[in-house]
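Residue numbers (UniProt numbering), protein chains in the order written: chain A, 1 to 298; chain B, 1 to 303; chain C, 1 to 460.
Quick reminder that beta carbons are idealized off the backbone N, C-alpha and C, glycines included.
First up is the structure itself, then whatever we jot down about it.
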């Protein structure tokens, strides 16, 4: 409908509207609204195609890279829903990435507070150092990390891997968090301080409630990064029963196995569920998902 | 801990401030401890490795070789190719792709009806929260010769291509735009919220068209968000590895072999740890250079 | 005033330290004298648990026969490259070194050079059955530097020409077919092209995307068939890589001819990442490919449990040995790879690891492994075993190639030389460069990779 409507209405638009009459102005506004809506919907449809392919193939008995109507089957899911392929790796991943994310977020909130509130000569160099370190691919440091983990007997340990994941996510976390915190006005804080609140109380009662969006963004960002990280757990964990889902997924998906499209798609869906859930749960707290802090102003 | 805190008030004003200064930094401790132990140490080792001929297999000892790895890199046609591709990838997919598309979406969504807005944001964000390898796999399926893109083009009677063979760098750029635009969109949506409505309306009354309003009013107001967003997505895009590796493994040939992929191939496929880490350090420098440019631009604003 | 902030920080810091200490406790591996850790690669394919399915009962039998011993299997799920990275890291330190490791024959020498493996000569001396192993396979386990043996191979593969008898009949070529020279192969391909339209006459893997398949199934099957044979890529006597040889250009010229004359798949297909799967599961079963220069494992695609069940392959497909360039020497060429069991230098319990190896490599168990895994036997007594020969109709043919097969130079630089080969092949396949230009680029690449003083000029 909308598609056929829009060109006609658009044509009504006067070429020059120096002194707009109320009527034409109204039509123009409607016309551009329709155009905006239509183009956004068309764009979304195009954006959706790859996701749609994944959904269709996962329930298709004879999947391929072609987009096709499925001959429905639950076989693909049935094949992968077992302890070795799915449940245990997912649980491991949730433990490590969940723990790592929490540790990272807590540490970056704590670290962001002094960085955002107090002046110091060391502040700028510190911030730039951690900012630049985000440019280093983590694969590059894994060899020394392995040697180090062997020496301190942290190799093949899930808590050890969790700590490293948290540390690797920290630079970006601190940097983002500090920026979000900068956006929280000082005025309220000063009032609370005059009332005798200490720094921890100020941070917890005044600053944090005002920057939940920021905390949530950092949480989501950190978790997505860890959840997709394949190389770190692959190198640091030796026992197969400790490996998280990302290791299996990475090896399966990057092999483009020609014979198991359906299973790979089903696995991709299962594997994506935790991140999607995390987003849905947290975005609800954001009230619609649009509050990616105006504080990202630099 | 309690002791030092209690001691602070009794100390003289100067000492008090010094202790206070130190105390203020205490919340930094957990982060700093983690960073120093788990990142600073290994990175220092990497810097050392970059000046050695370390191999994971094939040689018994490790020798200091000075700047050999770096001079070798700059004479290596594949390395130069990787640097060029990295620049194309960062500029094409992040600076131009994600940034522009994110801004366009944010602007359009402000004007759109509420259901359309939710649909668009849901779809775009869904692509963002997908794990990197899954996104890579989906994009591979999308661009594959018998994949969805060619099916759509065939439906529209447009010429088809074997995208991953003929235009692989474009394919991985689009893949990165597809996956990463949500971040810019969210940043700009938030930033646009803060643009005072009166300013826009005033410009409209003065007869400024939509483009002029965007260029003259909105962008100057949100310029700091633009710079910060650019810096973040640049750094993120520079180290993209899983997406490209899943889609093309750097091929065909080395047509999508950006620096992270090149580094991985050298360090782990050819087992040249020394050379690989040297490449990683170059990548670090490239990231720092980009950041410095953005920071400078922000600073000029401040002055 | 700031006590609570301090306290919170302290708690966070303490948690960090605690977690670090605690986690240390769980990870100490019990290195008791009766326990060994065995590391092998779990295939990427989710459904392929052949090796696990073979090893698990073996472990049970072994533990029953040797009361009090424990064999811990540690599969590493990864691509081949990542598997190497992982086991090399593990072997670097005594704390994580396994007692027995599954090694690709192509990386053994490289790992020996790094000091990761220990020689097995002491054990082999008192093991009668070692004499049953085929000579080329044994030679591939020897490290050139000290002449000692570092692994016990448990399977191999050989390579040759697969051809479609029905397409040959349509083209009027007599079967069974056994070309005597490269020219015979090309003639057959040209005949197919002329007589049977819509069919790809000849597949030779090429280019970077197909990776090692290009180097080994494609290029080296040609190169080792030139007069220099085993010294055509790496001169074992001088211990130098060969550059600038006529043989190299001839082999490259063969590839150039195949793709230049349109005898091969379209360059787009040939250079795509899917070519191997496409050949095995589509082109051959659909009767779209007349001749394929490929490996002994091809029937794994077509057996009942394979990705493309195709029982008719037994009557449709014929096998021929790849001829040497002009029919010189034994007249045929084959390349081999395969895997072997090795004991890391830092293994805690080498004796028990050896005992387990010997158990795995007994005649009966080897035969079982070669049958379930559809690999070619390296033990000559297994090669004559009727159950093994019956497991796949093609086993007899490919096993007969074992005595005349070549192994790749198992040197660390090989991966780099191999990628240089793939680049050279790719550029003549696309027609981007001439054979001479591609060959000289290869020479430069090899000199950069291994150093010019480690190369030697081949016969011009």
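For residue i, does the three-state DSSP call read helix, strand or coil?
{"i": "residue 159(C)", "result": "strand"}
{"i": "residue 341(C)", "result": "strand"}
{"i": "residue 130(C)", "result": "helix"}
{"i": "residue 320(C)", "result": "strand"}
{"i": "residue 234(C)", "result": "strand"}
{"i": "residue 461(C)", "result": "The structure shown does not extend to residue 461(C), since chain C spans only 1 to 460, so no value can be given for it."}
{"i": "residue 55(B)", "result": "coil"}
{"i": "residue 457(C)", "result": "strand"}
{"i": "residue 116(C)", "result": "coil"}
{"i": "residue 346(C)", "result": "coil"}
Tell me the residue span of the beta strand (DSSP E) that contains residue i.
{"i": "residue 72(C)", "result": "70-77"}
{"i": "residue 240(C)", "result": "240-243"}
{"i": "residue 94(B)", "result": "Looking at the DSSP string, residue 94(B) is not in any beta strand (DSSP E), and its letter there is neither H nor E."}
{"i": "residue 334(C)", "result": "332-336"}
{"i": "residue 37(C)", "result": "35-42"}
{"i": "residue 150(C)", "result": "Residue 150(C) -> no beta strand (DSSP E), and no H or E assigned at all."}
Tell me which residues share the same chain as residue i and place their Cβ nearer than 7 Å to its Cβ, disregarding the 5 neighbours each side in the sequence.
{"i": "residue 44(A)", "result": "none"}
{"i": "residue 124(C)", "result": "130, 149"}
{"i": "residue 165(B)", "result": "252"}
{"i": "residue 198(C)", "result": "none"}
{"i": "residue 1(B)", "result": "Any reading at residue 1(B) must be qualified, since the residue scores a pLDDT of 33, below 50, and its modelled position is unreliable; the value itself is stated next. Within the same chain, residue 1(B) has no close Cβ partners at all."}
{"i": "residue 137(B)", "result": "246"}
{"i": "residue 184(A)", "result": "207, 210, 211"}
What span of residues does the alpha helix (DSSP H) with residue i cover, start to end?
{"i": "residue 200(C)", "result": "No alpha helix (DSSP H) contains residue 200(C), which is instead part of the beta strand (DSSP E) from 200-203."}
{"i": "residue 103(C)", "result": "Careful: residue 103(C) lies outside any alpha helix (DSSP H), inside the beta strand (DSSP E) at 100-104."}
{"i": "residue 91(A)", "result": "88-117"}
{"i": "residue 291(C)", "result": "Note, residue 291(C): premise wrong, no alpha helix (DSSP H); beta strand (DSSP E) at 289-295."}
{"i": "residue 88(C)", "result": "80-92"}
{"i": "residue 170(C)", "result": "165-171"}
{"i": "residue 416(C)", "result": "414-429"}
{"i": "residue 448(C)", "result": "435-450"}
{"i": "residue 137(B)", "result": "132-143"}
{"i": "residue 146(A)", "result": "142-151"}
Residue i: which of the options sits nearest, CA to CA?
{"i": "residue 169(B)", "options": "199(B), 148(B), 244(B)", "result": "244(B)"}
{"i": "residue 270(B)", "options": "55(C), 168(C), 211(C)", "result": "211(C)"}
{"i": "residue 326(C)", "options": "274(C), 371(C), 250(C)", "result": "250(C)"}
{"i": "residue 207(C)", "options": "241(C), 252(C), 225(C)", "result": "252(C)"}
{"i": "residue 112(B)", "options": "34(A), 77(A), 262(A)", "result": "34(A)"}
{"i": "residue 119(C)", "options": "372(C), 141(C), 337(C)", "result": "141(C)"}
{"i": "residue 49(C)", "options": "38(C), 75(C), 64(C)", "result": "75(C)"}
{"i": "residue 390(C)", "options": "138(C), 401(C), 375(C), 403(C)", "result": "375(C)"}
{"i": "residue 237(A)", "options": "192(A), 118(A), 142(A)", "result": "142(A)"}
{"i": "residue 394(C)", "options": "285(C), 300(C), 226(C), 205(C)", "result": "300(C)"}
{"i": "residue 75(A)", "options": "89(A), 82(A), 60(A), 86(A)", "result": "60(A)"}
{"i": "residue 191(B)", "options": "142(B), 297(B), 228(B)", "result": "228(B)"}
{"i": "residue 100(C)", "options": "266(C), 456(C), 35(C)", "result": "35(C)"}
{"i": "residue 409(C)", "options": "62(C), 132(C), 145(C), 133(C)", "result": "145(C)"}
Which value, in whole angstroms, describes the spacing of the CA atoms of residue i and residue j?
{"i": "residue 290(B)", "j": "residue 449(C)", "result": "32 Å"}
{"i": "residue 195(B)", "j": "residue 222(B)", "result": "7 Å"}
{"i": "residue 104(C)", "j": "residue 82(C)", "result": "13 Å"}
{"i": "residue 283(A)", "j": "residue 149(B)", "result": "31 Å"}
{"i": "residue 77(B)", "j": "residue 273(B)", "result": "19 Å"}
{"i": "residue 161(C)", "j": "residue 220(C)", "result": "14 Å"}
{"i": "residue 47(A)", "j": "residue 167(B)", "result": "20 Å"}
{"i": "residue 80(C)", "j": "residue 41(C)", "result": "8 Å"}
{"i": "residue 256(B)", "j": "residue 307(C)", "result": "30 Å"}
{"i": "residue 102(C)", "j": "residue 342(C)", "result": "6 Å"}
Apart from the five residues just before and just after residue i, which ones in its own chain have a Cβ nearer than 8 Å to its Cβ?
{"i": "residue 98(A)", "result": "223"}
{"i": "residue 287(B)", "result": "234, 235, 238, 239"}
Take residue i and list the residues in its own chain whose beta-carbon comes closer than 6 Å to its own, dropping the five residues that flank it on each side.
{"i": "residue 543(C)", "result": "As shown, chain C starts at 1 and ends at 460. That puts residue 543(C) outside it, with no answer to give."}
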